[in-house]
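Below: one structure, written as structure tokens.
Residue numbers (full-length UniProt numbering): 1 to 359.
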């Protein structure tokens, strides 16, 4: 388990620095699910551009087979976009100011602020598919992003699906959390709005693909590369925890890589605001990365994220999570009962890093 004491967490950070699903919430029958308190008022009716969106491009044939190293599991396979380039000479841009549509404000201010809706975006292609809808690469017709190309990621979720799966509270929390968090290694929310049938989140478009894609392609990362990514993940997770937020679904599919090679945490659909003294009893996450206390329904807190960070580091160094099994129940038993086994091909330094973060 990832160590929870401040001294051991600092030890993990110093070691890195020195070497560089189901909800049980029943929606109340008397609740009006227009999400207006979070996503703002309904936008005027316009043709929905997502109804006529281009289909997602098929992945290259070289990646159609099962991974040779990485353990097969459910995941979203997303590679780099066509405009993906690596330029280590470009400085990392830290976003310090954000724009959000539908923030709580006075009526006069709301009237003065220009409305934004689906019709303001041109759909370019599908880049992801989730339980509640799709993620599109879009271009804002009237406003540019900081790169000047107007490209964003538009997450479109169907209200009826959200309500049927009892994910209403989680969807509200995702939007709320994204408005509160600003960090160089966390994807930034730019706008949010709703129509009668759908919810929309407009986020920065991170064009390097998922960390899973890069790990799949390489098989394993070098220790230097794994340390670099883990250090940035630790920085982002520490910031979330300082803001009173636990992510609860850290895995390679929920970490993007930008054009400069930096990681960006994304997908806050299971994230939760939690204080130091409280624990959550929700059974959530992806099994390979879930902490034993979640699987045992003992209640969990921010410590669960540190367990996932340790699993991520292990997977980057070895090509698969430490605990795998085709049968979910047996996989859970392994996570709860088995001790961590460190491959002999890892260096003494890597062994020390993993032992320092996991027990």
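Using N, Cα and C, we set each Cβ at its ideal position, and we do this for glycine too.
Beta-bridge pairing of residue i - partner residues as DSSP gives them
{"i": "residue 204", "result": "152"}
{"i": "residue 191", "result": "202"}
{"i": "residue 263", "result": "257"}
{"i": "residue 126", "result": "136"}
Integer-rounded CB distance, given that residue j should sit under 8 Å from residue i
{"i": "residue 208", "j": "residue 169", "result": "About 32 Å separates the two Cβ atoms, so there is no contact after all."}
{"i": "residue 186", "j": "residue 283", "result": "No, residue 186 and residue 283 are not in contact; Cβ-Cβ is about 25 Å, not under 8 Å."}
{"i": "residue 205", "j": "residue 151", "result": "4 Å"}
{"i": "residue 138", "j": "residue 128", "result": "No, residue 138 and residue 128 are not in contact; Cβ-Cβ is about 12 Å, not under 8 Å."}
{"i": "residue 203", "j": "residue 155", "result": "7 Å"}
{"i": "residue 178", "j": "residue 268", "result": "6 Å"}
Residue burial classification, residue i (beta-carbon count within 10 angstroms, cutoff 16)
{"i": "residue 167", "result": "buried"}
{"i": "residue 142", "result": "exposed"}
{"i": "residue 159", "result": "buried"}
{"i": "residue 242", "result": "exposed"}
{"i": "residue 353", "result": "buried"}
{"i": "residue 272", "result": "buried"}
{"i": "residue 253", "result": "buried"}
{"i": "residue 287", "result": "buried"}
{"i": "residue 322", "result": "buried"}
{"i": "residue 301", "result": "buried"}
{"i": "residue 345", "result": "exposed"}
{"i": "residue 227", "result": "buried"}
{"i": "residue 99", "result": "For residue 99, the predicted model reports a pLDDT of 37, less than 50, meaning its position is unreliable; a value from the coordinates is still stated below. Residue 99 is exposed by the Cβ-count criterion."}
{"i": "residue 299", "result": "exposed"}
{"i": "residue 117", "result": "buried"}
{"i": "residue 174", "result": "buried"}
Proximity to residue i [Cα-Cα], best of the options
{"i": "residue 297", "options": "336, 320, 312", "result": "336"}
{"i": "residue 161", "options": "193, 155, 132", "result": "132"}
{"i": "residue 217", "options": "350, 349, 332, 319", "result": "319"}
{"i": "residue 355", "options": "247, 157, 311, 123", "result": "311"}
{"i": "residue 373", "options": "157, 280, 248, 233", "result": "What is shown of the chain runs 1 to 359, which leaves residue 373 out entirely."}
{"i": "residue 292", "options": "256, 326, 331, 314", "result": "331"}
{"i": "residue 171", "options": "343, 140, 200", "result": "200"}
{"i": "residue 225", "options": "316, 164, 244, 191", "result": "316"}
{"i": "residue 334", "options": "295, 314, 222", "result": "295"}
Interface flag, residue i vs chain B, CB-CB below 9 Å
{"i": "residue 355", "result": "In the displayed structure, chain B is absent; only one protein chain is listed."}
Any non-hydrogen atom of the ligand FMN closer than 8 Å to residue i Cβ
{"i": "residue 198", "result": "The ligand FMN is not part of this structure, which contains no ligands at all."}
Between the segment 301-310 and the segment 235-242, are three or more C-beta pairs nearer than 8 Å?
Yes: the two stretches touch, three or more of their Cβ pairs being nearer than 8 Å.
Count the CB pairs spanning the segment 183-201 and the segment 209-223 that are closer than 8 Å, and state whether there are at least three.
The segment 183-201 makes no contact with the segment 209-223, as fewer than three CB pairs between them are under 8 Å.
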